[in-house]
Amino acid sequence: MQKIIIPLVLTLGIVHHPCNAQGQTRDDPSYQLYLTQIAAAEAFLQLNKISTATGYLNACDEQYRDIEWRFLKAALDQSTHTLTGQNGVTFTNVKVGPDGTIVAVSGSDGSIVLYSFPGFEIIRELKGHSSSISTLDFSSDGKRLASGGRDHAVILWDVTTGKQLAKNEGSFSQGIYQVRFSPDNSMLGVVSWERLNERKPYIFGFAKLLNVNDLHEERRIELDNHPASGIVFTPDGHDILIATWGEIAYSYNVQTGNQNWNFDLSDPSGYNAFHSIDISPDGKTLALGSADYRVYLLDVKDGKVLHRIEPWVGHTKIIKAVSFSPDGKWLATGGEDQTILLWNTSDFSRKQSCIGHVNTVSGLAWSNSGTSVFSSSLDGTIKQWDLTRPFETTYKICNFGPWQTPFTSDKKYFAAPCSDKKLILYDASTGNAVSHVGMQSGLCATISKDSKTLFTSSFDGVVRVWDIQTSREVKTLAGHSARVDGIAYVDEKKQILSVGDSTLRIWNVNSEKELNVLRFDSAPFRIVISPDESTAYIGFHDGAVRAFSTGTWEEIGLFKCAEGIQEMALSPDGTLLAAFCGKNIEVWDAKTLKRKALLQGHEKSGYGISFSADNSYIISGSYDQTFKLWNLTTGACTLTYHGYEDIIYSSKFVSANEIFLSSSQGKIWYYRF
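In the working numbering, each residue carries its 1-based index in the sequence shown increased by 745.
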């Protein structure tokens, strides 16, 4: 099978040979196959071909699986928990009880399993349907569960005992598409369709209102010549809203059966069937998932369009499921593109995407807390998605920058010097601002080891010292005649080092005095300091890196890049120094000043570079709008990750399972894997 995989991928033109590296390399064909499979998995992930990407990833040799494999594994299945049917049974639908402690899951064999949540322990199994179940709904008090299936039956269950309370199996000639309890639990709304052989139209959709005591029919509402696909009640129980494959949504008065309005999307040039429906908790907004790949948000009172989520910002295929969160702040959508998208209902901006299913997402349900989403899929699984710990968290902090993102010692917070006069300390995992330090443009920054003090530099040549707790500027160090591009802090000596305007300046932070000035023939651009604070490394625009003793400020070493230095980073133990030199990355032994590796693969230069905690990997971000992972043991680029529209400025390992990126336009990506 492996002999077939590589030619197929290369023929498609999607995956090129893994990035070249000069230095320590591994020419083992099995390792090269591993790198190609990783590249294929990433490429198909970007194309949203999740099942194909997963196949390549699962084929990877276990002995080589490392950070890149774990990252892609998490990217391809971002769910927290997966329920899989046994003995050939596939799961078809999911619903969460009102108190959030029970998750009902239906199966292709006509069974329903009630699980505890959290924990997913089986509480009991309900059997009564003779074929696959397509829809579930709990009563508002959680005491009853309604189900409808392809066996044309509707069943009402006692949740506590698991016994059938009522069954309607004679008044439907086709499968049940959806069941919904009325708010007062007195009625059950059901939508289906029937075949009319004796007259046209031969197919007719309808809704029925059943009395929950015995499930007898109280009202039938005939719709159009397409199956009815979904039904919801308004919170006051006054009206029902119905969606059909006939590209029409309806509002009817429950008591009179009179139509209030209809929203007609029918178009002879296209098929825009509505496949899913939900109403916001406040009863004001109706969400419809359509075959034209759009989500329509309607005003419940008159059916007017309030908003439309377009395919270029949302789904790329038919939308099969829509569901509002219990507080109405979020809308979850899913469909044939196998993804779940979360939208902020205040402006319908996209909040989050959830990837993991390998077939159509057919149903969605929220936990009562609104912190988890549950999904059913044609892949036969049920997945839980913990929204408090997503694989990818994105947020915007400014419009230009940040150029650097120094972290506090506990790796929880970072500072963001931006060009648009925003200097704020953020919670890295959430994007919440924790300290508005100042309205000041920034170029670079560093934070003291005790995480109490922030040091920044700017275009005006001034180095500023900020008290993080009080959010106040406490010191101002002026001396440079032009922009300051690099700063470092010597904690033991309470000295700040700044480079710019062809000088290195050493400052006493407490006294604000300039202690020393070193002048150079070429322009210094970056400065980093060794973990023991004995050595400072300065990178220059001419490609030189000079090492200085922080005790005497004598130059103790010199090495040269082929191109100018863009960014530098020291390994956590101080043994390795890496620098972005043009579009290549050079890695040196920090003591002997000998080059250990030349990492080639980026198409453009970059500012983002960082070591993993164990010195085994480098992550780099570039103007080519990618980040790359480099294995320093093999010298190989193990992952190139695409999909960004902006330049990647900062790239860091926050931990062995967390990656942090920032862009030139102020966007942050935080990955957990």
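Glycine included, each C-beta is placed from N, C-alpha and C at the ideal position.
Residue i to residue j span [Cα, whole Å]
i, j, result
"residue 1411", "residue 1058", "20 Å"
"residue 985", "residue 1031", "11 Å"
"residue 1288", "residue 1273", "15 Å"
"residue 1083", "residue 1377", "36 Å"
"residue 767", "residue 1331", "Caution is warranted here: a pLDDT of 44 is assigned to residue 767, below 50, making its placement in the model unreliable, and no coordinate value can be reported."
"residue 1255", "residue 1292", "26 Å"
"residue 929", "residue 880", "20 Å"
"residue 1409", "residue 1166", "15 Å"
"residue 1364", "residue 1393", "11 Å"
"residue 1282", "residue 1310", "12 Å"
"residue 1232", "residue 1190", "7 Å"
"residue 1267", "residue 1224", "18 Å"
"residue 851", "residue 902", "13 Å"
"residue 1194", "residue 1415", "23 Å"
"residue 888", "residue 832", "30 Å"
"residue 830", "residue 848", "15 Å"
"residue 843", "residue 1216", "44 Å"
"residue 1013", "residue 987", "22 Å"
"residue 1342", "residue 1252", "35 Å"
"residue 1261", "residue 1284", "19 Å"
"residue 1028", "residue 926", "15 Å"
"residue 1354", "residue 1037", "43 Å"
"residue 1088", "residue 1172", "22 Å"
"residue 1325", "residue 1351", "6 Å"
According to DSSP, residues forming a beta bridge with residue i
i, result
"residue 1253", "1240 and 1258"
"residue 917", "Answer is none; residue 917 lacks a bridge partner."
"residue 895", "Answer is none; residue 895 lacks a bridge partner."
"residue 1077", "1068 and 1087"
"residue 722", "A query on residue 722 cannot be resolved here, the shown segment of the chain reaching from 746 to 1418 and no further."
"residue 1406", "1396 and 1414"
"residue 807", "Note: residue 807 sits in no beta bridge, so no partner."
"residue 1235", "1240"
"residue 1111", "1118"
"residue 1141", "1412"
With 16 other Cβ atoms within 10 Å as the buried cut-off, status of residue i
i, result
"residue 867", "exposed"
"residue 1004", "exposed"
"residue 1175", "exposed"
"residue 769", "A caution first: residue 769 carries a pLDDT of 40, below 50, which makes its placement in the model unreliable, though a value can still be read off. By the neighbour-count rule (16 or more Cβ atoms within 10 Å), residue 769 is not buried but exposed."
"residue 941", "exposed"
"residue 861", "exposed"
"residue 1181", "exposed"
"residue 838", "buried"
"residue 1407", "buried"
"residue 965", "exposed"
"residue 1049", "exposed"
"residue 786", "buried"
"residue 1307", "exposed"
"residue 776", "buried"
"residue 1168", "buried"
"residue 1313", "buried"
"residue 947", "exposed"
"residue 1457", "Only positions 746 to 1418 of the chain appear in this structure, which leaves residue 1457 out of reach."
"residue 1134", "exposed"
"residue 882", "buried"
"residue 1290", "buried"
Nearest-angstrom beta carbon gap, residue j and residue i [assumed within contact, 8 Å]
i, j, result
"residue 1040", "residue 1067", "6 Å"
"residue 1034", "residue 1052", "Residue 1034 to residue 1052, Cβ: 14 Å. No contact."
"residue 1074", "residue 1090", "6 Å"
"residue 1418", "residue 1358", "Actually they do not touch by this definition, with Cβ atoms about 15 Å apart."
"residue 913", "residue 960", "4 Å"
"residue 1132", "residue 1162", "In fact, because the Cβ distance is near 30 Å, the residues do not count as touching under 8 Å."
"residue 894", "residue 920", "7 Å"
"residue 979", "residue 1024", "7 Å"
"residue 1280", "residue 1264", "Not really, about 20 Å apart at Cβ, beyond 8 Å."
"residue 826", "residue 1097", "That pair is no contact at about 17 Å."
CB contact check: residue i to chain B, cutoff 8 Å
i, result
"residue 897", "Absent from the structure is chain B; it holds one protein chain and no more."
For the segment 1115 to 1123 and the segment 1091 to 1105, state whether three or more C-beta atom pairs, one from each stretch, are separated by less than 8 Å. The segment 1115 to 1123 is in contact with the segment 1091 to 1105.
Touching or not, the segment 798 to 810 and the segment 1391 to 1405, by the rule of three or more beta carbon pairs under 8 Å? No, the segment 798 to 810 is not in contact with the segment 1391 to 1405.
Are three or more beta carbon pairs between the segment 1105 to 1112 and the segment 1150 to 1157 nearer than 8 Å? Under the 8 Å Cβ criterion, the segment 1105 to 1112 does not count as touching the segment 1150 to 1157, having fewer than three qualifying pairs.
The segment 1135 to 1147 contacting the segment 1341 to 1357, beta-carbon criterion three pairs below 8 Å: At 8 Å Cβ cutoff, the stretches do not touch.
Can we say the segment 922 to 936 touches the segment 970 to 989, given the rule of at least three CB pairs closer than 8 Å? Touching, per the Cβ criterion.
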